[in-house]
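Under numbering that gives the first Met the number 0, the sequence shown has 148 at position 149, and the numbering climbs by one with no breaks. Glycine included, C-beta positions come from ideal geometry on N, C-alpha and C. What follows is a set of notes on a single structure, which appears directly below.
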Amino acid sequence: MLRTRAISASDYPAVHALLDEADLATPGAYDPEGLGVVVAEDDGAVVGAVEFLIDTDFGRDEGRPDHPGPQTWVFSLAVAGAHRRRGVGRALLAEAARQAQEAGNTYLALAPAEGDDEADRHAFFRTCGLTPIEHDVPCAAWGDPVSEVHSAKAADEGR
């Protein structure tokens with residue numbers, strides 16, 4: 000059964016492997032210092048992870064006027080290949096949105112990675128309730144109010 004939970008130090012190797020599989024890993028040992036990290040676990044195995052920063056004003060700090068104000072910024076989302084299209088990524092984003100809302104943030108934002116499966120990532124984020132914030136900007140940010148991310152999750156569970 001799938002469940003989401005906070006990362007523990009024993010999960011670091013599994014999360015690093017997931018990020019590496021998704022071409023999102025940084026060189027060296029995995030260190031989530033300063034980030035919120037939630038893992039998805041299925042039958043005791045870590046099958047997904049989301050890294051985020053609860054309080055940031057990333058877009059405006061970067062001089063992007065169309066970007067919303069304070070938000071929770073998702074740095075990475077990775078799901079094991081064999082567990083994709085099973086609600087793992089959606090559950091991870093919903094948990095990040097829940098934690099954002101609990102902290103008083105009203106917006107969840109991210110920038111989808113570019114690559115061969117970029118169209119699939121965009122389709123996934125749309126089904127999670129996220130939409131492009133900026134248009135015609137390289138590495139454009141996507142986001143939506145956390146309530147919309149919750150609504151997309153609830154609608155999916157109702158199917």
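Just the C-alpha distance for Glu117 and Pro111, rounded to the nearest angstrom, thanks. One-based indexing of the sequence shown puts residue 117 at position 118. One-based indexing of the sequence shown puts residue 111 at position 112. Near 8 Å, if we compare the C-alpha coordinates of Pro111 and Glu117.
So, for Arg4: in the same chain, excluding its five sequence neighbours on each side, which residues have a beta-carbon less than 8 Å away from its beta-carbon? Indexing the sequence shown from 1 puts residue 4 at position 5. Val37, Val38 and Glu40.
Between His15 and Leu76, what straight-line distance do the alpha-carbon atoms span, to the nearest angstrom? In the sequence shown, counting from the first residue as 1, residue 15 sits at position 16. In the sequence shown, counting from the first residue as 1, residue 76 sits at position 77. Computed Cα separation, rounded: 12 Å.
Where Ser75 sits in the DSSP three-state scheme: In the sequence shown, residue 75 corresponds to position 76, counting from 1. The answer is strand: DSSP assigns Ser75 an E or B state.
Between Ile6, Val46 and Phe124, which lies nearest to Tyr29 when the distance is taken from Cα to Cα? In the sequence shown, counting from the first residue as 1, residue 29 sits at position 30. Tyr29 has its Cα closest to that of Ile6, out of Ile6, Val46 and Phe124.
For Arg4, the first and last residue of its enclosing beta strand (DSSP E): If you number the sequence shown from 1, residue 4 lands on position 5. Counting along the chain, the beta strand (DSSP E) containing Arg4 begins and ends at Leu1 to Ala5.
Excluding the 5 residues preceding and the 5 following Asp10 in the sequence, name in chain order all residues of the same chain whose CB lies nearer than 6 Å to its CB. Locating residue 10 in the sequence shown gives position 11, where the first residue counts as 1. If we look at Asp10 and ignore the five residues flanking it on each side, its Cβ neighbours are Val38 and Val45.
Can you tell me which residues form a DSSP beta bridge with Gly159? Past the edges of the chain, shown from 0 to 158, lies residue 159, and the structure says nothing about it.
Which one or two residues does DSSP pair with Gly35 in a beta bridge? What you label residue 35 is simply residue 36 of the sequence shown in a count that begins at 1. According to DSSP, which records beta bridges pairwise, Gly35 is partnered with Phe51.
Taking only three categories from DSSP, how would you classify Glu20? Looking up residue 20 in the sequence shown gives position 21. If DSSP states are grouped into helix, strand and coil, Glu20 belongs with the helices.
Relative to the C-alpha of Ala21, which residue among Gly33, Arg83, Gly35 and Gln70 is closest? What you label residue 21 is simply residue 22 of the sequence shown in a count that begins at 1. Nearest of Gly33, Arg83, Gly35 and Gln70 to Ala21, Cα basis: Arg83.
Rounded C-beta distance between Arg89 and Cys127? I'm assuming under 8 Å. The residue given as residue 89 occupies position 90 in the sequence shown. The residue given as residue 127 occupies position 128 in the sequence shown. Rounded, the Cβ-Cβ distance is 6 Å, consistent with contact.
If you reduce the DSSP assignment to three classes, tell me which class Asp42 lands in. The count along the sequence shown starts at 1 and reaches residue 42 at position 43. Note: Asp42 maps to coil in three-state DSSP.
Given a threshold of 16 other Cβ atoms within 10 Å of its Cβ, counted over all protein chains shown, does Asp143 qualify as buried or as exposed? Along the sequence shown, read from residue 1 onward, the residue named residue 143 stands at position 144. Buried: at least 16 other Cβ atoms inside 10 Å.
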